[in-house]
Amino acid sequence: MSPLLSLRNVWVEYGDKIVLEKVSIDIEAGSFVSIVGPSGAGKSSLLRLILGQEAPTQGVILLDGTPLTPECGPDRGVVFQRYSVFPHLSVLRNTMFGIECEKAPLSARLFGKARRAAEAEAAEMLDAVGLGDALHIHPAQMSGGMQQRLAIAQALVKRPRILLLDEPFGALDPGIRADMHALITRLWRDYALTIIMVTHDIREAFTLGTRVLSIDKRRQDPHAPHRFGATAVYDLALRKKVPDPPTEQPDAAPLQTVSSD
Amino acid sequence: MRWVNRHVRRGDAVMLGSVPILLLVLLYLFVAAGRHAANPMDKVLPLPGGMAQAMSDLLFQPDQLTGQLLFWADTFASLQRLGIGLGIATAAALVIGLVLGVLPPVRATLGPLVTGIAVIPPIALLPILFITLGLGEIAKIALIVIGIAPVMVRDITAHVAAIPREQIIKAQTLGASSWQIMIRVALPQAMPRLFHAVRLALGPAWVFLISAEAIASDVGLGYRIFLVRRYLSMDIIIPYVIWIALLAILMDGALTLLGRRIFPWAQGASH
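Sequences listed follow chains B and Y, in order.
Going by the working numbering, the first sequence runs without a break in its numbering and finishes at 261.
Going by the working numbering, the second sequence runs without a break in its numbering and finishes at 532.
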């Protein structure tokens, strides 16, 4: 079976500054990949590449064997550290946004039966992330942890092939963070997700991930530090329990067992 | 206790705020009474009785020429011009600001033009407007629109462009098109700012309205003030100015209240 996502000899350059060099990674469906590395090493650049926010200077990125267009799309969901929910929409409307955009291209709003169906689907997803009784409040009234739960629900409603997490729990306090770890692990199993997470927290990376990628510069030139880019210097596959096959979400991404060595 | 820490309770604030206003009124009455004691025919600082008498003619006596109650005709004409001008400018600011803020190619194309128009002093355009549009209503409304719209457009553009990139990316990963991002993400978040922009534009809008009316008009609050100036009729000018101030305060308050009522999510929330 070919990998779900595959980066082949990818380079990212801004002018003469090389950010990423010779990045070649294959990511199997169903894996939980943690990306760690020092600040400014290019973790977020890598995530932006996969997200489609940026195009690689060289190399190709294949999703299911087809090259990615350099634009974000509904096949890749994302949760940022902050600002990834819409402040003017209630929790329920935030979660319905993805359904509404798909089904009503012109007005991006649903009415009547279609709306009730979307509301039911969104409410079910919000139940799964533990926001079942906060449907009608606005993000400004929620704690950081609740906002991140909402951001996850919002992304999962679209059943993305890959879920990208950009330091999703970095701004949360330790107790809430532990709750969120349990939540994301449960969702990853239940919905058979493929997750790529950028994090600063090494412990978090190893607790959650089935595979840890460390992004750093392999070579240093003290006279021209910007001329060498970072790449995956360590690629550790962790022996972990393979996620259970999806039982409740048959339309989710097809399950592919993790290639833990 | 430091003065920066002396917070004022709501009731006290009302009282404190009214003190300077009352003092100013008292000072005026004192000086006016002094002038009237010296010269009972003084026109420069009329007493409240004189103002009431002069205003009662405008308020209740139909004008011999037109048959209208002049005060109300003036108010209606000015508010109509102001309303239409503000309405057009607001609609333009919303549509153009939204498109410029969301779509980078449009911003690159039209941004310099908007900036260029915004830096022209609108009063300098008044002769052009009078020459091309005539001396009627259109020229006055056009002056208000040209005077306030560019600033509002730039304000809305900047606000929309400052919506966190994460939100725009997130909307795209949820399948939203440029159009959907515009109407579902940018538009609702621009609305509270639009209310704010209208409030800020009210002051300049009044300036342009009064200017246009002063130069060429036959009815309107600004017209009346500049007309009776010829007769040193301070007993009409002062009540008119107070009336304009009241109207402006009422509009500002109404916009603030309405904005709070319609956009509760925008209160104290940082996005």
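For glycine and all other residues, C-beta sits at the position ideal for the given N, C-alpha and C.
Note that the structure is a prediction, hence the values are computed from the model and not measured.
Tell me which residue opens and which closes the beta strand (DSSP E) that residue i is part of.
i	result
LYS271(B)	Not covered by the structure: residue 271(B). The range shown for chain B is 1 to 261.
LEU62(B)	58 to 63
THR336(Y)	Counting along the chain, THR336(Y) falls outside any beta strand (DSSP E), though it belongs to the alpha helix (DSSP H) covering 331 to 363.
VAL414(Y)	It is not in any beta strand (DSSP E) - VAL414(Y) instead sits in the alpha helix (DSSP H) that spans 398 to 422.
SER6(B)	5 to 14
GLU21(B)	17 to 27
Rounded to the nearest angstrom, what separates residue i and residue j at their Cα positions?
i	j	result
GLY132(B)	PRO453(Y)	29 Å
PHE32(B)	SER44(B)	17 Å
LEU394(Y)	PRO383(Y)	15 Å
ASP235(B)	VAL212(B)	6 Å
VAL10(B)	PRO67(B)	12 Å
LEU208(B)	SER90(B)	30 Å
ALA274(Y)	ASN300(Y)	39 Å
SER214(B)	LEU371(Y)	45 Å
ASN94(B)	PHE169(B)	20 Å
ASP244(B)	THR185(B)	Its pLDDT being 49, under 50, ASP244(B) is placed unreliably by the model, and the measurement read from it follows with that caveat. So the two alpha carbons sit approximately 12 Å from each other.
GLY483(Y)	LEU518(Y)	28 Å
ALA313(Y)	ASP496(Y)	8 Å
ALA55(B)	GLY278(Y)	59 Å
ARG267(Y)	ILE282(Y)	22 Å
LEU20(B)	GLY175(B)	35 Å
ILE430(Y)	THR351(Y)	28 Å
GLY59(B)	LEU46(B)	13 Å
LEU396(Y)	SER439(Y)	42 Å
Considering only DSSP beta bridges, list what residue i is partnered with.
i	result
MET197(B)	SER34(B), LEU165(B)
PRO174(B)	For PRO174(B), which the question treats as bridged, DSSP gives no partner whatsoever.
ASP235(B)	LEU213(B)
THR66(B)	LEU63(B)
ALA230(B)	LEU20(B), LYS217(B)
PRO222(B)	Bridge partners of PRO222(B): none, in fact.
PRO323(Y)	LEU330(Y)
Find the nearest neighbour of residue i within the set the options, judged by alpha-carbon distance.
i	options	result
GLY73(B)	GLN81(B), ASP26(B), LEU63(B)	LEU63(B)
ALA120(B)	ILE137(B), LEU49(B), LEU92(B), GLN141(B)	LEU92(B)
PRO290(B)	TYR492(Y), ALA447(Y), GLN441(Y), MET495(Y)	Any answer about residue 290(B) is impossible in this case: the structure gives chain B only from 1 up to 261.
PRO38(B)	GLY209(B), TYR234(B), HIS200(B)	HIS200(B)
GLN433(Y)	VAL233(B), LEU183(B), ALA232(B), VAL78(B)	VAL78(B)
LEU165(B)	ALA153(B), MET197(B), LEU150(B), ARG76(B)	MET197(B)
MET512(Y)	ALA462(Y), ALA338(Y), LEU374(Y)	ALA462(Y)
LEU5(B)	GLY40(B), GLN220(B), ALA232(B), THR194(B)	THR194(B)
VAL375(Y)	GLY408(Y), ILE392(Y), LEU347(Y)	GLY408(Y)
ALA419(Y)	LEU347(Y), GLY358(Y), ALA527(Y), PHE332(Y)	GLY358(Y)
SER494(Y)	ASP303(Y), ARG270(Y), GLY272(Y)	ASP303(Y)
PRO465(Y)	SER317(Y), VAL269(Y), ALA509(Y), GLN329(Y)	ALA509(Y)
PHE524(Y)	MET413(Y), ALA315(Y), GLY362(Y), GLN450(Y)	GLN450(Y)
ARG48(B)	GLN154(B), ARG76(B), LYS22(B)	ARG76(B)
ALA515(Y)	ILE486(Y), VAL459(Y), GLN325(Y), LEU355(Y)	VAL459(Y)
TRP467(Y)	MET262(Y), PRO500(Y), ALA506(Y)	ALA506(Y)
LYS401(Y)	ARG342(Y), GLY377(Y), ASN266(Y), ALA352(Y)	ARG342(Y)
LEU288(Y)	THR351(Y), ARG271(Y), GLY272(Y), LEU306(Y)	LEU306(Y)
LEU7(B)	ILE50(B), VAL36(B), GLU13(B), VAL19(B)	ILE50(B)
LEU172(B)	VAL157(B), GLN141(B), GLN147(B), ALA155(B)	GLN147(B)
ILE471(Y)	ASP335(Y), GLY436(Y), PHE456(Y), TRP264(Y)	ASP335(Y)
ASP179(B)	GLU204(B), ALA237(B), VAL12(B), ALA230(B)	GLU204(B)
ALA447(Y)	GLY310(Y), ILE499(Y), LEU355(Y), ALA338(Y)	LEU355(Y)
GLY98(B)	ASP216(B), ARG177(B), GLN154(B)	GLN154(B)
ILE349(Y)	ILE476(Y), VAL360(Y), MET413(Y), ALA527(Y)	MET413(Y)
VAL489(Y)	ALA293(Y), LEU290(Y), LEU319(Y)	LEU319(Y)
Just to confirm the assignment, what range does the alpha helix (DSSP H) spanning residue i have?
i	result
GLU54(B)	Run containing GLU54(B): none; DSSP gives neither H nor E here.
ASN94(B)	91 to 103
ASP303(Y)	No alpha helix (DSSP H) holds ASP303(Y); DSSP gives it neither H nor E.
GLY76(B)	The displayed chain sequence assigns Arg, not Gly, to residue 76(B). No alpha helix (DSSP H) holds ARG76(B); the beta strand (DSSP E) holding it covers 76 to 79.
ILE499(Y)	495 to 523
PRO468(Y)	Checking the sequence shown, residue 468(Y) turns out to be Val, not Pro. That run of the alpha helix (DSSP H) goes 448 to 476.
ALA527(Y)	Neither: ALA527(Y) is in no alpha helix (DSSP H) and is coded neither H nor E.
MET142(B)	Unbroken run through MET142(B): none, as it is neither H nor E.
MET125(B)	112 to 128
PRO383(Y)	383 to 394
ILE486(Y)	482 to 489
GLU427(Y)	426 to 434
LEU208(B)	202 to 208
Against chain B: residues of the segment 428 to 441 of chain Y by CB proximity under 8 Å: Residues of the segment 428 to 441 of chain Y with a C-beta atom less than 8 Å from some C-beta of chain B are GLN428, ILE430, LYS431, ALA432, GLN433, THR434, LEU435, GLY436, ALA437, SER438, TRP440, GLN441, listed in chain order.
Residues of the segment 64 to 95 of chain B with Cβ closer than 9 Å to any Cβ of chain Y, in chain order: Residues of the segment 64 to 95 of chain B whose Cβ lies closer than 9 Å to any Cβ of chain Y, in chain order: GLU71, CYS72, GLY73, PRO74, ASP75, ARG76, GLY77, VAL78, VAL79, PHE80, GLN81, ARG82, TYR83, SER84, VAL85, PHE86, PRO87, HIS88, LEU89, SER90.
The segment 148 to 174 of chain B: positions lying closer than 9 Å to chain A by Cβ: Any reference to chain A falls outside this structure, whose protein chains are B and Y.
Contacting positions in the segment 122 to 141 of chain B - beta carbon closer than 7 Å to chain Y: Residues of the segment 122 to 141 of chain B with a Cβ closer than 7 Å to any Cβ of chain Y, in chain order: HIS138, ALA140.
Chain B contacts made by the segment 330 to 358 of chain Y, where a contact means CB separation under 8 Å: Here the close residues number zero.
Contact list for the segment 460 to 471 of chain Y against chain B, Cβ threshold 9 Å: Within the segment 460 to 471 of chain Y, no residue has its Cβ closer than 9 Å to any Cβ of chain B.
Near-chain B residues of the segment 442 to 461 of chain Y - C-beta to any C-beta below 8 Å: Per Cβ criterion, the list reads ILE444, ARG445, VAL446, PRO449, GLN450.
Chain B contacts from the segment 360 to 384 of chain Y (Cβ-Cβ distance under 8 Å): Answer set for the segment 360 to 384 of chain Y: empty.
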